[in-house]
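To keep things clear, I will list the structure first and then write my remarks on it.
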Amino acid sequence: MEANLQRRIQRYGWDRAVGSYEDGWKANLAPAQNRLLLMAEAWPNEHAVDLACGTGLVTLPLAHAVGRSGRVIATDISERMVDAVLAEAEDLDLPQIEAFRADAESLDVIPDASVDLVTCALGLMYVADPLRAMQEVYRILKPGGRAVFAVWGERRNCGWAEIFPIVDARVHSAVCPLFFRLGTGETLAQEMEEAGLYGIETARISSELDYPDDKSALVAAFAGGPVALAYHRFDAETRIAVHREYLHSIAPFRRAKGYKISGEFVVCRGFKPV
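Residue numbers for the sequence shown follow numbering that gives the first Met the number 0, so the first one is 0 and each next one is one higher.
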(Lines of atoms letter the chains of each structure in order from A; the text may use other names.)
(Lines give C-alpha, C1' and ligand atoms only; values in the text may rest on other atoms or scores of the structure.)
Protein backbone atom coordinates (compact mmCIF):
# COMPACT_ATOMS: atom_id res chain seq x y z
CA MET A 0 0.00 0.00 0.00
CA GLU A 1 2.85 2.41 0.80
CA ALA A 2 4.31 1.94 -2.69
CA ASN A 3 0.91 2.59 -4.28
CA LEU A 4 0.55 5.74 -2.19
CA GLN A 5 3.98 6.89 -3.31
CA ARG A 6 3.00 6.35 -6.96
CA ARG A 7 -0.22 8.35 -6.57
CA ILE A 8 1.60 11.21 -4.89
CA GLN A 9 4.19 11.24 -7.65
CA ARG A 10 1.54 11.23 -10.35
CA TYR A 11 -0.55 14.06 -9.02
CA GLY A 12 2.36 15.98 -7.51
CA TRP A 13 4.12 16.27 -10.84
CA ASP A 14 0.82 17.19 -12.48
CA ARG A 15 0.84 20.17 -10.11
CA ALA A 16 4.51 20.98 -10.72
CA VAL A 17 4.50 21.02 -14.52
CA GLY A 18 3.80 24.76 -14.86
CA SER A 19 6.75 25.80 -12.69
CA TYR A 20 9.16 22.97 -13.41
CA GLU A 21 11.26 24.40 -16.22
CA ASP A 22 11.52 27.88 -14.68
CA GLY A 23 12.96 26.41 -11.50
CA TRP A 24 15.01 23.52 -12.81
CA LYS A 25 15.81 23.59 -16.53
CA ALA A 26 19.14 25.42 -16.26
CA ASN A 27 20.10 23.81 -12.97
CA LEU A 28 19.61 20.23 -14.17
CA ALA A 29 21.46 20.80 -17.44
CA PRO A 30 24.86 19.51 -16.18
CA ALA A 31 23.34 16.10 -15.37
CA GLN A 32 21.19 15.94 -18.49
CA ASN A 33 24.02 17.00 -20.80
CA ARG A 34 26.33 14.35 -19.35
CA LEU A 35 23.59 11.74 -19.70
CA LEU A 36 23.07 12.65 -23.36
CA LEU A 37 26.81 12.53 -23.98
CA MET A 38 27.04 9.07 -22.45
CA ALA A 39 23.91 7.91 -24.28
CA GLU A 40 25.54 8.44 -27.68
CA ALA A 41 22.24 8.30 -29.57
CA TRP A 42 22.58 7.69 -33.30
CA PRO A 43 20.31 8.23 -36.32
CA ASN A 44 17.75 5.47 -36.89
CA GLU A 45 17.89 4.22 -33.30
CA HIS A 46 14.86 3.49 -31.14
CA ALA A 47 15.07 5.02 -27.66
CA VAL A 48 12.92 5.21 -24.55
CA ASP A 49 13.08 8.17 -22.16
CA LEU A 50 11.65 7.24 -18.76
CA ALA A 51 10.31 9.86 -16.34
CA CYS A 52 10.55 12.27 -19.26
CA GLY A 53 9.12 15.32 -17.47
CA THR A 54 8.67 18.19 -19.90
CA GLY A 55 11.02 16.60 -22.45
CA LEU A 56 14.38 18.16 -21.60
CA VAL A 57 16.09 14.90 -22.60
CA THR A 58 13.40 13.59 -24.93
CA LEU A 59 13.76 16.44 -27.41
CA PRO A 60 17.56 16.22 -27.85
CA LEU A 61 17.20 12.44 -28.23
CA ALA A 62 14.64 12.98 -30.99
CA HIS A 63 17.01 15.27 -32.87
CA ALA A 64 19.81 12.71 -32.47
CA VAL A 65 17.85 9.71 -33.80
CA GLY A 66 16.25 11.77 -36.56
CA ARG A 67 13.00 11.18 -38.39
CA SER A 68 14.04 7.65 -39.26
CA GLY A 69 14.41 6.88 -35.55
CA ARG A 70 11.91 6.78 -32.72
CA VAL A 71 11.72 8.08 -29.16
CA ILE A 72 9.11 6.82 -26.71
CA ALA A 73 8.70 9.17 -23.75
CA THR A 74 6.92 7.98 -20.61
CA ASP A 75 6.10 9.67 -17.33
CA ILE A 76 3.85 8.91 -14.40
CA SER A 77 2.32 12.40 -14.79
CA GLU A 78 -0.30 12.86 -17.51
CA ARG A 79 0.36 16.58 -17.68
CA MET A 80 4.09 16.04 -18.21
CA VAL A 81 3.28 13.69 -21.10
CA ASP A 82 0.89 16.28 -22.56
CA ALA A 83 3.65 18.90 -22.39
CA VAL A 84 6.04 16.64 -24.32
CA LEU A 85 3.45 15.86 -27.00
CA ALA A 86 2.64 19.55 -27.44
CA GLU A 87 6.32 20.46 -27.77
CA ALA A 88 6.91 17.62 -30.24
CA GLU A 89 4.06 18.90 -32.38
CA ASP A 90 5.29 22.50 -32.21
CA LEU A 91 8.80 21.44 -33.23
CA ASP A 92 7.56 19.00 -35.91
CA LEU A 93 9.16 15.94 -34.35
CA PRO A 94 6.88 13.06 -35.40
CA GLN A 95 9.47 10.53 -34.20
CA ILE A 96 8.35 11.24 -30.61
CA GLU A 97 5.47 9.35 -29.07
CA ALA A 98 4.57 9.72 -25.42
CA PHE A 99 2.22 8.13 -22.93
CA ARG A 100 1.69 7.88 -19.19
CA ALA A 101 3.37 4.87 -17.63
CA ASP A 102 4.96 3.72 -14.41
CA ALA A 103 8.67 3.00 -14.94
CA GLU A 104 8.22 -0.30 -13.10
CA SER A 105 5.64 -1.54 -15.61
CA LEU A 106 6.40 -1.00 -19.30
CA ASP A 107 4.28 -3.87 -20.62
CA VAL A 108 3.31 -2.06 -23.82
CA ILE A 109 6.95 -2.00 -24.93
CA PRO A 110 8.01 -5.38 -26.37
CA ASP A 111 11.00 -7.38 -25.18
CA ALA A 112 14.36 -6.58 -26.79
CA SER A 113 12.91 -3.82 -28.96
CA VAL A 114 14.94 -0.64 -28.20
CA ASP A 115 18.56 0.41 -28.60
CA LEU A 116 18.73 2.94 -25.77
CA VAL A 117 16.93 3.78 -22.53
CA THR A 118 17.49 6.99 -20.58
CA CYS A 119 16.15 8.20 -17.27
CA ALA A 120 17.28 11.64 -16.15
CA LEU A 121 16.67 12.28 -12.45
CA GLY A 122 13.58 10.09 -12.21
CA LEU A 123 14.68 6.87 -10.51
CA MET A 124 14.81 8.52 -7.05
CA TYR A 125 11.01 8.85 -7.17
CA VAL A 126 10.29 5.26 -8.23
CA ALA A 127 8.93 2.99 -5.49
CA ASP A 128 11.06 0.05 -6.68
CA PRO A 129 14.04 1.29 -8.74
CA LEU A 130 15.46 -2.21 -9.21
CA ARG A 131 12.19 -3.36 -10.74
CA ALA A 132 12.32 -0.40 -13.12
CA MET A 133 15.89 -1.32 -14.13
CA GLN A 134 14.80 -4.91 -14.71
CA GLU A 135 12.11 -3.59 -17.06
CA VAL A 136 14.78 -1.55 -18.83
CA TYR A 137 16.87 -4.71 -19.23
CA ARG A 138 13.86 -6.53 -20.67
CA ILE A 139 13.08 -3.96 -23.36
CA LEU A 140 16.71 -3.40 -24.43
CA LYS A 141 18.06 -5.23 -27.44
CA PRO A 142 21.17 -7.35 -26.81
CA GLY A 143 24.06 -4.88 -26.86
CA GLY A 144 21.71 -1.99 -26.09
CA ARG A 145 22.56 0.55 -23.43
CA ALA A 146 20.90 2.35 -20.54
CA VAL A 147 21.95 5.65 -18.98
CA PHE A 148 20.55 6.83 -15.66
CA ALA A 149 21.12 10.09 -13.78
CA VAL A 150 20.21 10.56 -10.11
CA TRP A 151 20.94 13.14 -7.45
CA GLY A 152 24.12 12.42 -5.50
CA GLU A 153 24.73 12.16 -1.77
CA ARG A 154 22.51 14.10 0.60
CA ARG A 155 25.45 15.85 2.27
CA ASN A 156 26.41 17.34 -1.12
CA CYS A 157 22.94 18.69 -1.95
CA GLY A 158 22.36 21.93 -0.09
CA TRP A 159 18.63 22.01 -0.83
CA ALA A 160 17.95 18.65 0.87
CA GLU A 161 16.15 20.09 3.91
CA ILE A 162 13.07 20.62 1.74
CA PHE A 163 11.94 17.06 2.54
CA PRO A 164 11.99 17.13 6.37
CA ILE A 165 10.54 20.66 6.33
CA VAL A 166 7.51 19.44 4.38
CA ASP A 167 7.25 16.08 6.15
CA ALA A 168 7.06 17.88 9.51
CA ARG A 169 3.67 19.22 8.34
CA VAL A 170 2.31 16.31 6.33
CA HIS A 171 3.38 12.75 5.55
CA SER A 172 4.20 13.37 1.92
CA ALA A 173 5.61 9.91 1.01
CA VAL A 174 7.31 11.70 -1.86
CA CYS A 175 10.61 9.88 -1.87
CA PRO A 176 11.50 8.29 1.47
CA LEU A 177 14.92 7.14 0.22
CA PHE A 178 15.57 9.96 -2.23
CA PHE A 179 19.38 10.04 -1.94
CA ARG A 180 19.97 6.28 -1.66
CA LEU A 181 20.83 5.61 -5.31
CA GLY A 182 23.34 8.49 -5.37
CA THR A 183 25.22 7.25 -2.31
CA GLY A 184 28.51 5.46 -2.97
CA GLU A 185 28.23 2.90 -5.78
CA THR A 186 24.58 2.05 -5.13
CA LEU A 187 23.27 2.98 -8.59
CA ALA A 188 25.99 1.02 -10.39
CA GLN A 189 25.46 -1.98 -8.13
CA GLU A 190 21.72 -2.07 -8.74
CA MET A 191 22.25 -1.75 -12.49
CA GLU A 192 24.50 -4.81 -12.30
CA GLU A 193 21.89 -6.62 -10.20
CA ALA A 194 19.36 -5.90 -12.96
CA GLY A 195 21.67 -7.61 -15.47
CA LEU A 196 23.54 -4.70 -17.04
CA TYR A 197 27.31 -4.80 -17.34
CA GLY A 198 30.27 -2.58 -18.23
CA ILE A 199 29.01 0.12 -15.88
CA GLU A 200 30.62 3.54 -16.27
CA THR A 201 30.00 6.18 -13.60
CA ALA A 202 30.40 9.96 -13.55
CA ARG A 203 29.91 11.98 -10.36
CA ILE A 204 29.30 15.68 -11.04
CA SER A 205 29.53 18.55 -8.57
CA SER A 206 27.31 21.49 -9.48
CA GLU A 207 25.60 24.60 -8.18
CA LEU A 208 21.93 25.50 -8.36
CA ASP A 209 21.72 29.16 -9.31
CA TYR A 210 18.73 31.23 -8.16
CA PRO A 211 18.71 35.03 -8.47
CA ASP A 212 16.52 35.71 -5.44
CA ASP A 213 14.38 34.24 -2.65
CA LYS A 214 11.28 33.94 -4.82
CA SER A 215 12.93 31.88 -7.55
CA ALA A 216 14.50 29.52 -4.99
CA LEU A 217 11.15 29.04 -3.26
CA VAL A 218 9.18 28.48 -6.47
CA ALA A 219 11.64 25.81 -7.61
CA ALA A 220 11.68 24.02 -4.27
CA PHE A 221 7.97 24.07 -3.49
CA ALA A 222 5.88 24.70 -6.60
CA GLY A 223 8.08 23.15 -9.30
CA GLY A 224 9.49 20.13 -7.50
CA PRO A 225 8.53 16.85 -5.85
CA VAL A 226 6.68 18.39 -2.88
CA ALA A 227 4.28 20.36 -5.08
CA LEU A 228 1.21 18.31 -4.13
CA ALA A 229 1.74 18.74 -0.39
CA TYR A 230 2.61 22.41 -0.85
CA HIS A 231 -0.61 23.00 -2.80
CA ARG A 232 -2.58 21.88 0.26
CA PHE A 233 -0.81 24.17 2.72
CA ASP A 234 -2.68 27.22 3.97
CA ALA A 235 -1.12 30.68 3.83
CA GLU A 236 0.27 30.49 7.36
CA THR A 237 1.93 27.13 6.73
CA ARG A 238 3.45 28.37 3.48
CA ILE A 239 5.01 31.33 5.27
CA ALA A 240 6.49 28.98 7.87
CA VAL A 241 7.97 26.51 5.38
CA HIS A 242 9.34 29.36 3.26
CA ARG A 243 11.10 30.78 6.28
CA GLU A 244 12.57 27.41 7.31
CA TYR A 245 13.76 26.57 3.80
CA LEU A 246 15.42 29.94 3.27
CA HIS A 247 17.15 29.49 6.62
CA SER A 248 18.40 26.06 5.49
CA ILE A 249 19.96 27.49 2.31
CA ALA A 250 21.30 30.66 3.95
CA PRO A 251 24.92 29.37 3.81
CA PHE A 252 24.64 29.48 0.02
CA ARG A 253 23.48 33.09 -0.12
CA ARG A 254 25.63 35.31 -2.33
CA ALA A 255 25.60 39.02 -3.14
CA LYS A 256 23.02 38.23 -5.80
CA GLY A 257 20.77 35.30 -4.99
CA TYR A 258 21.91 31.78 -4.17
CA LYS A 259 24.40 29.23 -5.43
CA ILE A 260 23.28 26.02 -3.74
CA SER A 261 25.53 22.98 -3.79
CA GLY A 262 24.35 19.99 -5.78
CA GLU A 263 25.67 16.66 -6.95
CA PHE A 264 24.62 14.21 -9.65
CA VAL A 265 25.57 10.63 -10.47
CA VAL A 266 25.29 9.41 -14.06
CA CYS A 267 25.79 5.72 -14.94
CA ARG A 268 25.80 3.86 -18.24
CA GLY A 269 25.49 0.10 -18.65
CA PHE A 270 24.95 -2.40 -21.45
CA LYS A 271 22.78 -5.46 -21.98
CA PRO A 272 24.95 -8.48 -22.84
CA VAL A 273 24.93 -9.59 -26.46
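Glycine included, every Cβ here is placed at the ideal spot set by N, Cα and C.
Per DSSP, Pro142 is one residue of the beta strand (DSSP E) stretching across 140 to 151. By the beta-carbon neighbour count (other beta carbons within 10 angstroms, threshold 16), Ala168 is exposed.
Distance from the Cα of Thr118 is smallest, within the candidate group Arg253, Ser19, Ala62, for Ala62.
Ile260: member of the beta strand (DSSP E) spanning 258 to 270, first to last residue. Straight through space, the alpha carbons of Glu45 and Asn156 are spaced by roughly 36 Å. Leu93 is classed as buried because its beta carbon has at least 16 other beta carbons within 10 Å across all chains shown.
Around the beta carbon of Gly158, a 10 Å sphere encloses 16 or more other beta carbons of the protein chains shown; the residue is thus reported as buried. Secondary structure note for Glu192: its alpha helix (DSSP H) is the uninterrupted segment 186 to 193.
The three-state reading of DSSP puts Ser113 in coil, since its state is none of H, G, I, E or B. Restricting attention to Asp111, Ala120, Gly23, Trp13, the CA atom closest to the CA of Glu78 is found in Trp13.
The residues Lys259, Ile260, Ser261, Gly262, in chain order, have a CB closer than 7 Å to that of Glu207 in the same chain once the five nearest residues on each side in sequence are set aside.
Under the DSSP assignment, Arg232 falls in the alpha helix (DSSP H) whose first and last residues are 227 to 232. Distance from the CA atom of Leu56 to the CA atom of Ala235, rounded to whole angstroms, is 32 Å. Listed as beta-bridge partners of Ser206 by DSSP are Gly262. Less than 8 Å divides the Cβ of Ala64 from the Cβ of Trp42. With a cutoff of 8 Å on beta-carbon distance, Ile109 and Ile139 are scored as near each other.
Going by DSSP, Phe163 is part of the alpha helix (DSSP H) stretching over 162 to 167.
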